[in-house]
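> Input: one structure, supplied below.
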Amino acid sequence: MDISRVRKRLKELRSGEGKKDTDQGEKARQEQKVTETGVEEARAMEAQTVEEALEVPPDTDVVEAEPVKEVELIAFRISNEDYAVRLLEIQEIINYRKATPVPRSPAYLRGVTFLRGKVLPVIDLKRRLELRGDGDEESKIIVLHTSKNEPVGAIVGPFIRVLRFPEREILQPPPTLSEREKRFIRGVVRMGERFISILNVDELVKMEVV
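Numbering follows numbering that gives the first Met the number 0, with no gaps: position 79 of the sequence shown is 78.
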């Protein structure tokens, strides 16, 4: 029943137009019945209007948004440039120690040291990345995991910190890099006005024959 018709019917019943029924009890019952019918239909129409406005069927399951995937990085600075490696690729961080040189080794291989009784090759990231600039304070050695399960140490500066970024914010290396540079950079993230290059660990630790 249309709401306007319900209201019109109520008005007719209350004014007594077209009615000569003297039974006031019956009239009251009719008014109550029509009123209840109108209220129920009005509520049903209101609920339907809300559902249409929301455009969500009443039986439709709500799909929850997928959680944002984050990546954790250890960041450091070399020659005034910011670099990082994924936290999962780091076995541990140790204080800087002198490494014993290895004859006829690549220039970026600083030498070897011992870590809990095992030989640990140590590379100089500044030389490996062919960076220029003044010498950095040699503060820490990060011990990296490799795909061959052979740890390698890398000398880094003192500015070490943990960063977290949504995985979707990792950008491709800029096209201005040379092919050699792109080998070592797996992605870039932005922090304020600075860009942090995420290093490709497996490429960094490949030992080239001299």
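Yeah, the Cβ is synthetic: ideal placement off N, Cα and C, and Gly gets one too. Quick caveat, the model's predicted, so the values are computed rather than measured.
(1) Taking a contact to mean a Cβ-Cβ separation below 7 Å, would you say Leu143 touches Ala153 in this structure?
(2) What does Val118 pair with, by DSSP beta-bridge criteria?
(3) Considering only residues of the segment 123-209, which uninterrupted beta strand (DSSP E) runs meet the minimum length of 3 residues and lie entirely inside it, listed in chain order?
(4) Would you call the CB atoms of Tyr107 and Asp123 closer than 7 Å?
(5) Spatial neighbours of Arg131 within its chain, please: C-beta separation below 8 Å, excluding the five flanking residues on both sides.
(6) Give me, in chain order, the residues of the same chain whose beta-carbon lies closer than 8 Å to that of Ile89; leave out the 5 immediate sequence neighbours on both sides.
(7) Does the separation of the CB atoms of Gly240 and Ile169 fall below 7 Å?
(8) Given a cut-off of 7 Å on the beta-carbon distance, is the pair Ala98 and Gly116 in contact?
(9) Starting from Ala83, trace the beta strand (DSSP E) both ways and give me its first and last residue.
(10) First and last residue of the beta strand (DSSP E) that includes Val70?
(11) List the endpoints of the continuous beta strand (DSSP E) containing Glu91.
(12) Do Arg76 and Phe194 have their C-beta atoms within less than 7 Å of each other?
(13) Classify Arg127 as buried or exposed, calling it buried when 16 or more other Cβ atoms lie within 10 Å of its own Cβ.
(14) If you drop the 5 nearest sequence neighbours on each side, which residues of the same chain put their C-beta closer than 6 Å to that of Pro120?
(15) Express the C-alpha separation of Glu129 and Ile184 in angstroms, rounding to a whole number.
(16) Express the C-alpha separation of Glu166 and Arg189 in angstroms, rounding to a whole number.
Inspection of the coordinates gives the following:
(1) Indexing the sequence shown from 1 puts residue 143 at position 144. Indexing the sequence shown from 1 puts residue 153 at position 154. Yes, these two residues count as a Cβ contact at 7 Å.
(2) Position 119 of the sequence shown, counted from the start, is the residue given in the question as residue 118. Paired residues: Phe113.
(3) Those beta strand (DSSP E) runs which fall completely within the segment 123-209 and span 3+ residues are 139-143, 151-155, 160-165, 184-190 and 193-198.
(4) Residue 107 sits at position 108 when you count from the first residue of the sequence shown. Residue 123 sits at position 124 when you count from the first residue of the sequence shown. Yes, the pair counts as a contact, with Cβ atoms nearer than the cut-off.
(5) Working through the sequence shown from its first residue, we reach residue 131 at position 132. So the list reads Ser78, once near-sequence residues are dropped.
(6) Within the sequence shown, numbered from 1, the residue matching residue 89 stands at position 90. If we look at Ile89 and ignore the five residues flanking it on each side, its Cβ neighbours are Ile73, Ile141, Val142, Leu143 and His144.
(7) Limits of the chain in this structure are 0 at one end and 209 at the other, which puts residue 240 out of reach.
(8) Translated into positions along the sequence shown, residue 98 becomes position 99. Translated into positions along the sequence shown, residue 116 becomes position 117. Not a contact, by the Cβ cut-off of 7 Å.
(9) Within the sequence shown, residue 83 is the residue found at index 84, counting from 1. Run containing Ala83: Glu80 to Arg85, per the beta strand (DSSP E) assignment.
(10) Taking the first residue of the sequence shown as 1, we reach residue 70 at position 71. That run of the beta strand (DSSP E) goes Glu69 to Ile77.
(11) To locate residue 91, count along the sequence shown from 1; it is residue 92. That run of the beta strand (DSSP E) goes Ile89 to Asn94.
(12) Walking along the sequence shown from the start, residue 76 turns up at place 77. Walking along the sequence shown from the start, residue 194 turns up at place 195. Not closer than 7 Å, so no.
(13) Stepping through the sequence shown from its first residue, residue 127 is reached at position 128. Classification of Arg127: buried, given that the 10 Å Cβ count is 16 or more.
(14) In the sequence shown, the residue the question calls residue 120 occupies position 121. Same-chain partners within the cutoff: Val111 and Val151.
(15) Translated into positions along the sequence shown, residue 184 becomes position 185. Translated into positions along the sequence shown, residue 129 becomes position 130. Answer to the nearest angstrom: the Cα atoms are 13 Å apart.
(16) Counting from one through the sequence shown, the residue named residue 189 turns up at place 190. Counting from one through the sequence shown, the residue named residue 166 turns up at place 167. Going by the C-alpha atoms only, they are around 12 Å apart.
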